[in-house]
Each structure stands twice: as structure tokens, then as C-alpha cells.
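Written out below as C-alpha cells is the structure these notes cover.
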Amino acid sequence: MTTPPTPLSPGSPATHLPDRATVMHVTHPGGPDVLAPATVPLKRPGPGEVLMATRAIGVNHLDLYYRDGTLPLEGGGVDIPGLASVGEVLAIGPGVDRFAPGDRIAHAGPPLGAYATHRVLPVGRVVRFPHMIPWEVGAAALFPGIAVHMMIYGLGLRLDGRVVLVRGAGGGVGLILVRWAAAMGARVIASVASRGKAEAVQEAGAERVVVGTGAAALADAGRAAAELTGGAGVHIVFDGLGGPDFAKLAALVRPFGRIVSFGQVAGPIPPVDVGVLGPMRALGLDRPGVFAYIADRERLREATSALFTALVEGLLSPTVAGVLPLSRAGDAHARLEARSVTGSLVLIPD
């Protein structure tokens, strides 16, 4: 692995800064093989910007959607995916007084482009990253942890003593959600696709684990919910799968309960008839978006502060399923698409 350049002090000559970055970019929308290496010019940080040397990059399901064309990349010449990374400040632009060269920082959300050895980032989109957290752990937990904070705190959900079902519990977001919810006193039913993921969600705090896919797994989840609630139904379903079974989730939730949708790895979510949600069952349906949540810097600061504190104190410990060199980003995407990953994958600069 290449050692990042030594951080510059504010008075160091600009000629010591790298002027190129190695990236993995999307040559055209398609499968994992469309990710290819490239070398791109690296500008100096301007007013309100910092130059970061990347130490670790989180691989998230949204990265797949940007790669295959489901979601549009930002363009600008080279299409570089990636939503979350951690690293060190190499240099700061004029007017930046919040950070200094050598500081550890984290970035999540827009602007995209985390699949890079170096990046210039707006100072308002980065936060301090504690020394006590290993690079790989921070990268793995960053985007999923913010998503979980959004679902729990952003939606104002009460979890203590509540029975919740997490569908897609074996992924990066799902595992952190199970751990966080259990730590807050929730009784968690976790649904996973394979027995290999069942042990991980049990260790994360799930009280019941359902293994399988499709209608059969949904029926098993319904039976587990009935057993834990005396037939009343769960208080909340956190759904990371979507797909054709999404509309059936309402039958598992008690009146005035909630369905929180955070993914669709099983396929697009079909149109929802609001008549199914009420008036007899009076259910709430939420589809929160991480980008909207952290568009406000104060929410970004609150979410990352809570996440980093939980990591330092041992409340959360994300499962790092693998650490791969940046040049093998395509392999990481292939593993995610196969739904064979328990937890999160991380890339590090070669």
C-alpha cells in the first residue's frame, strides 16, 4: 500500500502537494467490470476547501446504483463513485480555520467521488474523525451509521421495549441497525437471506432470526412477530429489501405502527396504496433519504458525533467483511450484488 504524502504545514511550499490522483471510475453504466483505474489532475484546495489523502473507503449499495446507471453520477469529465471515506488533511485552502494539515477527517454523501487516493472537499462537508477508531472501521460504519441515526433519531422513533423487524439485517446498514436498536432496548426480529448471516445478526443482538427469502421468509417473520407480540404485530418494520413483497409488510405491523423503507436490494418498490395503511390500521410509512438528512451541517455533525461516540465506547462494532485494494473495486461490487457479504466492504488505496 502506498504511503500518503507527509501532511504539509500551512507555510509549506505548494510544490510538495500531489498534482495527480488515482481513481476508479465508471467507463459507462454497466456491471462491476465497468469500473476502471484512471489518473486525474488534482487541483489545489481553494477557498473553503481541504485536500484529503484517503486512507479507507466504504463500499455501499448506493455505489452499485450509481455504477449501473440506476442513479446518475455527477459527471464533470470523469465519473467517480463513492459516498464515504476517511483520511488525513494534506493542505487547506484560504479561509479554512476549522482544520489543519495532519487532522483526521471523514466525509459522507455529496459530492461523490470517494473512490480516489486524494480528494479536494468543501470544508462544510467534512467532520473530525477520532484517532481511537481504525480507518477501516470508520469507513465501514460511516454511511450506514448515518443512515441508522437518520432512521432512529431523524424520525424520532422510540425503541425501548418495542418489537421491531429488520429485513435485510445482514448488510452494512442492517447489522448496525440491529446493534443500535438492541442497545436502545428494542426486541429485534432479524430477517436474513442465508444461514451464514444468521450468526452475525444474533451476535448483534437480534432476539429472533428468520432465514430465507421471498414470501416464505415473510411468513416466518410474521409467525415470529405473532409469538413475540401475542398477535398484536410489530411496532416498526425497517425494510432494506423492497421488492414485490413490500406491500405485504402492512399485515405485520400493529395499528399506529411504522414501516421505514431504507433499501430495495430485492427489487424496485411497487406503488403503495395508501388505503392499505389506513384508516383501520393507521400505519405510517417513511422513506427517509440520507442526502437530505445531512444536507444540513448540524445534522451531519450530530449524526457523526453520535456514531463515533458509539464506536469508541463499544456500543457499535461494525462487521468489516473484507478489505480490498482500491483497484479491486469491481470485485467488491460483484460481492455486494451477489448478496454474499455479511456487513461492509472497505477499499484502501493501493
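Residue numbers (my numbering): 1232 to 1581.
For each residue, glycine too, the CB sits at the ideal point set by N, CA and C.
Here the structure is a predicted model, which is why all the values come from computation and not from measurement.
Tell me which same chain residues have a C-beta within less than 7 Å of the C-beta of residue i, skipping the five on either side of it?
i: residue 1573; result: 1401, 1427, 1428, 1431, 1550 and 1552
i: residue 1364; result: 1539, 1542 and 1543
i: residue 1525; result: 1339, 1340, 1377, 1531 and 1534
i: residue 1423; result: 1400, 1401, 1429, 1432, 1440 and 1442
i: residue 1499; result: 1473
i: residue 1566; result: 1572 and 1576
i: residue 1238; result: Low confidence applies here, because residue 1238 scores a pLDDT of 46, under 50, leaving its location unreliable; read the following figure in that light. Result list for residue 1238: 1319, 1320, 1321, 1332 and 1333, in chain order.
i: residue 1379; result: 1404, 1407, 1408 and 1411
i: residue 1392; result: 1416
i: residue 1248; result: 1239, 1275, 1282, 1321 and 1322
i: residue 1559; result: none
i: residue 1390; result: 1383, 1412, 1415, 1416 and 1417
i: residue 1513; result: 1486 and 1487
i: residue 1370; result: 1287, 1288, 1289, 1315, 1316, 1317 and 1577
i: residue 1451; result: 1441 and 1443
i: residue 1258; result: 1265 and 1267
What residues are listed by DSSP as bridge partners for residue i?
i: residue 1353; result: 1280
i: residue 1272; result: 1251
i: residue 1285; result: 1318
i: residue 1553; result: 1576
i: residue 1489; result: 1467 and 1515
i: residue 1336; result: 1318 and 1359
i: residue 1256; result: 1267
i: residue 1347; result: 1254
Keeping to the same chain, check which residues put their C-beta closer than 8 Å to that of residue i; ignore five residues upstream and five downstream.
i: residue 1437; result: 1397, 1400, 1409, 1413, 1419, 1420 and 1421
i: residue 1453; result: 1482 and 1483
i: residue 1280; result: 1323, 1324, 1327, 1351, 1352, 1353 and 1354
i: residue 1547; result: 1372, 1376, 1407, 1410, 1411, 1414, 1538 and 1541
i: residue 1562; result: 1263 and 1555
i: residue 1342; result: 1305, 1352, 1353 and 1356
Span of the alpha helix (DSSP H) holding residue i?
i: residue 1247; result: Where residue 1247 is concerned, there is no enclosing alpha helix (DSSP H), given that its DSSP letter is neither H nor E.
i: residue 1292; result: 1292-1299
i: residue 1501; result: No alpha helix (DSSP H) contains residue 1501, which DSSP labels as neither H nor E.
i: residue 1562; result: 1560-1568
i: residue 1404; result: 1403-1414
i: residue 1380; result: 1366-1380
i: residue 1602; result: Missing from the structure shown is residue 1602; the chain here goes from 1232 to 1581 and no further.
i: residue 1454; result: 1445-1460
i: residue 1426; result: 1426-1435
From this set, the options, which residue's C-alpha is nearest residue i's C-alpha?
i: residue 1328; options: 1339, 1354 and 1561; result: 1354
i: residue 1502; options: 1514, 1523 and 1475; result: 1475
i: residue 1457; options: 1482, 1280, 1356 and 1435; result: 1482
i: residue 1446; options: 1466, 1497 and 1435; result: 1497
i: residue 1581; options: 1347, 1487 and 1407; result: 1347
i: residue 1214; options: 1384, 1345, 1371 and 1337; result: It is not possible to answer for residue 1214, since the shown part of the chain is limited to 1232 through 1581.
i: residue 1385; options: 1274, 1527, 1569 and 1579; result: 1527
i: residue 1568; options: 1264, 1356, 1279 and 1557; result: 1264
i: residue 1285; options: 1388, 1557, 1349 and 1371; result: 1349
i: residue 1344; options: 1300, 1304 and 1369; result: 1304
i: residue 1515; options: 1485, 1278, 1536 and 1266; result: 1485
i: residue 1508; options: 1479, 1317, 1521 and 1260; result: 1479
i: residue 1579; options: 1521, 1557 and 1512; result: 1557
i: residue 1448; options: 1370, 1435 and 1477; result: 1477
i: residue 1330; options: 1317, 1273, 1316 and 1358; result: 1358
i: residue 1273; options: 1505, 1250 and 1519; result: 1250
i: residue 1260; options: 1300, 1342 and 1317; result: 1300
i: residue 1435; options: 1545, 1505 and 1522; result: 1545
i: residue 1294; options: 1277, 1266 and 1278; result: 1266
i: residue 1634; options: 1520, 1450, 1564 and 1335; result: Since the first and last residues shown for the chain are 1232 and 1581, residue 1634 lies out of range.
So, at 6 Å on beta carbons, what are the nonlocal neighbours of residue i in its own chain, with the 5 sequence-adjacent residues on each side left out?
i: residue 1243; result: Model confidence at residue 1243 stands at a pLDDT of 41, short of 50, so the residue's coordinates are unreliable; what they give is reported in the following sentence. Result list for residue 1243: empty, nothing under 6 Å.
i: residue 1367; result: 1287, 1551, 1554 and 1577
i: residue 1495; result: 1473
i: residue 1491; result: 1382, 1469 and 1517
i: residue 1394; result: 1418, 1459, 1460, 1465 and 1466
i: residue 1291; result: 1314 and 1374
i: residue 1241; result: Only weak support exists for where residue 1241 lies, its pLDDT of 45 falling under 50; the value from the coordinates is given anyway. Closer than 6 Å at Cβ, skipping near neighbours: no residue.
i: residue 1297; result: 1304 and 1312
i: residue 1302; result: 1296
i: residue 1235; result: Only weak support exists for where residue 1235 lies, its pLDDT of 44 falling under 50; the coordinates are left without a value.
i: residue 1278; result: 1324, 1325 and 1326
Just reading off the beta strand (DSSP E) that residue i is part of, what are its end residues?
i: residue 1419; result: 1418-1423
i: residue 1470; result: 1465-1470
i: residue 1311; result: Unbroken run through residue 1311: none, as it is neither H nor E.
i: residue 1327; result: Taken as a continuous stretch (DSSP letters only), residue 1327 belongs to no beta strand (DSSP E), as it is neither H nor E.
i: residue 1396; result: 1394-1398
i: residue 1192; result: Residue numbering for the chain in the displayed model covers 1232 to 1581; residue 1192 lies beyond these limits and cannot be assessed.
Quick one: does the C-beta of residue i sit closer than 7 Å to a heavy atom of the ligand ZN?
i: residue 1360; result: The ligand ZN is absent from the structure shown, which contains no ligand whatsoever.
Can you give, in chain order, each stretch of the alpha helix (DSSP H) that sits fully within the stretch 1511-1542 and has at least 4 residues? 1521-1524
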